[in-house]
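These notes concern the structure reproduced below.
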Ligand code: FAD
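In full-length UniProt numbering, the protein residues as written are 3 to 460.
Given below as structure tokens:
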């Protein structure tokens, strides 16, 4: 009898524990179920759907070269998996553990009906495994990171399964094209096609490229004008590569750059731990004063709606913010330093609830990840469990100069390409017509934000 392997964000052949153990036991029916309803507001957005299409296409081809298939089904994941178990006579379903609240619910539901075997696959250490002296979860990143390092090394990375044997008959499958995951009209994905190669092989090529550069990561990772971060995030999100594979591949190069990089990978683990403790982290502020904060509401206030749109479209009049938002629109990715600046600008200068930003990122990022997106938005807002940053308001013009963002701005805001230092960071007023004026002054925005926060605290 075959076993079913339920694929989700683990679209890889190597170091895939569910697939590996199923293949050892006998024939394998791998399945991906597109279930748009279970995640509700967090069903995949446009950019993620684009990536998902190509990632499934790529992995299906790898299965094909081994005379195996990925079965595609659409609908309620638990129902579809139960149906597939009946159709194939499978008595075991194997899956790698996922921690998004909707996946935890589905895992719990499925386990009531079938023999569901769950494996640890997508984090350096299994979320929940790093605990404080009293056995509880860590809330703050720094002690979490320290305790994680003390528990290293992570589990060993597994090879690809040696053989993938087929069931007697293949169950029916949807055609990937029929899922319409790719944009049609307008086709906005040109930039994504230009910038990214999708799939497991591409992830490993990217890792190889990164291996030669990781030593410089410490100093250069904050500079958006240079390509000095790994850009592995979408591959990690979709599980085309595991953090454990990255860790073992780079650990020989224990440069200072690698030590910093390792800590960033631990941020990813930390975010997964955060949503285990606070499943609604992507839906509401953790700190109660944020529910009282008088945000400018784009739903009921036309000026706030205009500002939100200007932010989304990169027309705020702050070059560093606009370059970031245009990079996001064009490539589906944004440099981390600029994500922080752009997020801070929305929340503080525009006084718009971080959840509007989280939603936009969810739709436009190719690495959109419930845990990492929520954790970082709450971190910048200061509404989260681990920091109280609201009053630390980033000055976009100073940040732009400090992190030498001129080249980055010239690339993504070509209207400003002719400007030299220091005007590239803060263009002169006479550009009206080609580049917008600032939609809010720095001091004005800052003071409005601080007042609103003070009122909410008292
Ligand atoms: P590198 O600098 O090369 O880091 C290596 C890996 O570590 C990344 O691929 C990522 O998996 C992980 N990592 C690095 N920084 C963080 C971090 N702060 N939090 C969690 N994991 C991290 N990252 C996402 O993967 N998905 C998101 O939806 C997401 N939303 C964000 C929203 C905001 C407002 C901010 C400020 C940051 C967000 N990040 C998110 C974190 C970070 O910006 C990206 O992980 C990083 O820019 C990806 O580029 P990279 O692969 O080159 O990262």
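A virtual CB, placed ideally from N, CA and C, is assigned to each residue, including glycine. Please read these numbers as outputs of a predicted model, since none were measured by experiment.
What does the alpha-carbon distance come out to for the pair residue i and residue j?
i, j, result
"residue 188", "residue 49", "14 Å"
"residue 152", "residue 146", "10 Å"
"residue 458", "residue 194", "41 Å"
"residue 156", "residue 275", "16 Å"
"residue 125", "residue 57", "19 Å"
"residue 121", "residue 213", "28 Å"
"residue 466", "residue 441", "Examination of residue 466 is not possible in this model, given that the chain is present from 3 through 460 alone."
"residue 87", "residue 95", "8 Å"
"residue 255", "residue 309", "46 Å"
"residue 337", "residue 424", "21 Å"
"residue 230", "residue 375", "21 Å"
"residue 410", "residue 64", "37 Å"
"residue 369", "residue 198", "12 Å"
"residue 170", "residue 3", "9 Å"
"residue 340", "residue 132", "30 Å"
"residue 222", "residue 365", "28 Å"
"residue 456", "residue 362", "27 Å"
"residue 10", "residue 431", "50 Å"
"residue 402", "residue 348", "16 Å"
Inspect the beta-carbon positions of residue i and residue j and report whether they are closer than 7 Å.
i, j, result
"residue 373", "residue 277", "yes"
"residue 293", "residue 300", "no"
"residue 200", "residue 62", "no"
"residue 73", "residue 5", "no"
"residue 127", "residue 93", "no"
"residue 14", "residue 202", "yes"
"residue 98", "residue 12", "yes"
"residue 450", "residue 295", "no"
"residue 355", "residue 297", "yes"
"residue 35", "residue 82", "yes"
"residue 344", "residue 323", "yes"
"residue 183", "residue 68", "no"
"residue 407", "residue 244", "no"
"residue 139", "residue 314", "no"
"residue 216", "residue 267", "no"
"residue 52", "residue 191", "yes"
"residue 123", "residue 40", "no"
"residue 27", "residue 162", "no"
"residue 160", "residue 22", "yes"
"residue 472", "residue 205", "Residue 472 cannot be examined here, being either before or after the span of the chain that is shown, 3 to 460."
"residue 371", "residue 239", "yes"
"residue 399", "residue 428", "yes"
"residue 325", "residue 414", "yes"
Can you tell me which of the three DSSP states residue i falls into?
i, result
"residue 375", "helix"
"residue 118", "strand"
"residue 76", "strand"
"residue 34", "strand"
"residue 151", "helix"
"residue 9", "strand"
"residue 96", "strand"
"residue 430", "coil"
"residue 424", "coil"
"residue 2", "Look at the range of the chain in this structure, 3 to 460, and you will see that residue 2 is not part of it."
"residue 103", "helix"
"residue 134", "coil"
"residue 19", "helix"
"residue 29", "coil"
"residue 300", "coil"
"residue 1", "With the chain represented from 3 up to 460, any question about residue 1 goes unanswered, as that position is not in the structure."
"residue 398", "helix"
**Asked** Do three or more CB pairs link the segment 252-259 to the segment 324-341 at distances below 8 Å?
**Response** Using a Cβ-Cβ distance cut-off of 8 Å, the segment 252-259 and the segment 324-341 are not in contact, since fewer than three pairs of beta carbons, one from each stretch, lie closer than that value.
**Item:** Contiguous alpha helix (DSSP H) assignments of at least 4 residues, all confined to the segment 178-246
**Value:** Secondary structure in the segment 178-246: the alpha helix (DSSP H) runs of 4 residues or longer, each lying completely within the stretch, are 192-197, 202-213, 219-222 and 235-239 in chain order.
**Message:** Could you tell me which whole alpha helix (DSSP H) segments of length 4 or greater appear in the segment 309-391?
**Reply:** DSSP runs (the alpha helix (DSSP H)) wholly in the segment 309-391: 321-333, 338-346, 356-366 and 372-383.
**Stretch pair the segment 384-400 + the segment 283-293: three plus CB contacts closer than 8 Å** = Contact between the segment 384-400 and the segment 283-293 is established, with three or more Cβ pairs separated by less than 8 Å.
**Message:** Extract the residue ranges of the alpha helix (DSSP H) inside the segment 241-281, only unbroken runs of 4 or more that lie entirely within it.
**Reply:** Annotation note: the segment 241-281 contains the following uninterrupted alpha helix (DSSP H) runs of length 4 or greater, listed N- to C-terminal: 245-252 and 258-279.
**Request:** State whether the segment 311-320 contacts the segment 262-271, with contact taken as three or more CB pairs (one from each stretch) at a distance under 8 Å.
**Result:** They do not touch, by the three-pair rule.
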